[in-house]
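Take a look at the structure set out below.
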Amino acid sequence: MRKNAMRLVFAFVFIFALFAFTVLFNAEEEQPLTFGPFEYTVDEDGNATITAYTSQEPNVDIPAEIVVDEEHKYPVTVIGEKAFQNSYAQVVTMPDSVKRIEAYAFSGSALNQITLSKNVEFIGNQAFSYTALTSIDIPDSVVTMDTTIFWHCETLEDVTIGNSVESIGDYCFEACYMLSDIALPDSLKTLGNYAFLACDGLKTITFGTGLQTIGNNCFEACASLEEVMFYPNLKSIGSEAFKSCENLYKATFDCNAPQIGENAFDGVNEIFKIYYADCASGWDSKDLSGYSLEEVQMHVFGDWQVQTAPTTDTLGIEARTCSGCGEVEQRTIDMLPSDGETQNSSAWVPYVVAGTIIVVIAAFIVIYLICARKKKLSDNASK
Ligand SMILES: [Zn+2]
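In the working numbering, the protein residues as written are 74 to 456.
Structure follows, in structure tokens:
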């Protein structure tokens, strides 16, 4: 009986000690690690996440590596959630070690210029919302763009979207009033709902050939937009997608009739017309009463398919077929660059330069020696 009581007491003491230890240990971990003006954490793989920026210095060079000492070096791979939110960071350079930019990373900061990592794969929601960015270059490493990334970037004028992006999330560019002209890459398949809502400066948009889906209200109230052209992979346009684009007068569909959501083109310009390819299918059965339609001579070509691959000394051939009438169009593909040649030619350059310099110096020395000898001879003669 007494033994049992003792055991119970021991068990309690042990559990309490364990609990106290855990609490203390966690409390110690909550102290942020710092590296210059940055706070960071390190994960079990030894990768660092920047979690905060505490300086008022507007120019920020994010380090590629947190160096504690010779044995403790951690590559910076993540810009953590809210790390630079509402900070003074204005001109930021991000190292190529960064793979993820988490939600709200720069939201509401003084950010006006940023060079992204060439290896960033993920950009979280509101990562750059409410900043003073004027331009952004989304690198080819990015595949998915989350929702609301550039929400209310009201000074954003220039956007380049990399050639791997497959989807642009809901509200991604909502209220980017200064955006006037954007080209979407052929890799892009999905445009989210409200993605360009109220971008009223948007005058031209070029859709890539891979685009399949345009979300609901995607371009609603883009009052400057005048014409749009769609390509053969387009499957659906969401409801109210181009609602209140009051200057939109022309939509050309080089594709079979896609699904067109309710009121997709409500409140566009009064002379608005839909042009569709005469080779396309599905337009006759579509109820497009209320729209003015016009057929145009156009094939609905599928994607280019390589038929003969190019080599280093022969051209390749690729072809695409019209899904309406079966017409085939062909074009050549450039020869592959022969690595050997280009390497050789560039490898020669330093040798040629060095050789020329040596020859010139040698010539000078020879001329100098000849002159000196002549002078000596004439000096001797005059003596
Ligand atoms: Zn055709």
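Cβ coordinates follow ideal geometry from the N, Cα and C atoms, glycine included. For clarity, every value in this text was computed on a predicted model and none was experimentally measured.
Assigned secondary structure, residue i (DSSP; H/G/I helix, E/B strand, else coil)
i	result
cysteine 444	helix
lysine 48	Outside the shown range of the chain (74 to 456) lies residue 48, about which nothing can therefore be said.
glycine 242	coil
aspartate 142	strand
lysine 323	strand
aspartate 254	strand
threonine 127	coil
alanine 121	strand
isoleucine 49	Missing from the structure shown is residue 49; the chain here goes from 74 to 456 and no further.
valine 149	strand
isoleucine 174	strand
aspartate 231	strand
isoleucine 222	coil
serine 309	strand
threonine 188	strand
threonine 429	helix
glutamine 416	Reliability fails at glutamine 416, whose pLDDT of 48 lies under 50, so the model's placement of it is uncertain and no value is given.
CA nearest to the CA of residue i, picked from the options
i	options	result
threonine 282	Cys318, Glu300, Ser260 and His145	Ser260
proline 212	Tyr250, Ser253 and Pro168	Pro168
leucine 264	Ser253, Thr279 and Met251	Thr279
cysteine 328	Asn290, Leu184, Val369 and Ala337	Val369
glutamine 191	Thr207, Leu361 and Ser237	Per the sequence shown, the amino acid found at residue 191 is lysine instead of glutamine. The candidate whose alpha carbon is nearest that of lysine 191 is Ser237.
glycine 288	Leu275, Ser240, Val432 and Asp134	Ser240
tyrosine 349	Asn336, Asn342, Lys323 and Thr127	Lys323
asparagine 159	Val165, Glu144, Ala178 and Val149	Ala178
lysine 276	Asn266, Ala256 and Gln285	Ala256
alanine 498	Phe157, Gly153, Arg393 and Ile438	Residue 498 lies beyond the range of the chain shown here (74 to 456); nothing can be said about it.
glutamate 299	Val341, Ala330 and Glu313	Val341
valine 140	Ile152, Gly119 and Ala200	Gly119
Residue i - containing beta strand (DSSP E), residue span
i	result
phenylalanine 111	111–115
leucine 106	106–108
asparagine 132	132–134
threonine 166	164–166
glutamine 199	Element bounds for glutamine 199: n/a, residue is neither H nor E.
serine 208	208–211
phenylalanine 35	The first residue shown for the chain is 74 and the last is 456, placing residue 35 beyond what the model contains.
threonine 277	277–279
Near ligand 1: residue i beta-carbon under 8 Å from a heavy atom
i	result
cysteine 328	no
glycine 311	no
glutamate 368	no
glycine 375	no
histidine 225	no
glycine 355	no
cysteine 398	yes
Mind pulling the alpha helix (DSSP H) runs of 4 or more residues that sit fully within the segment 351–404? none
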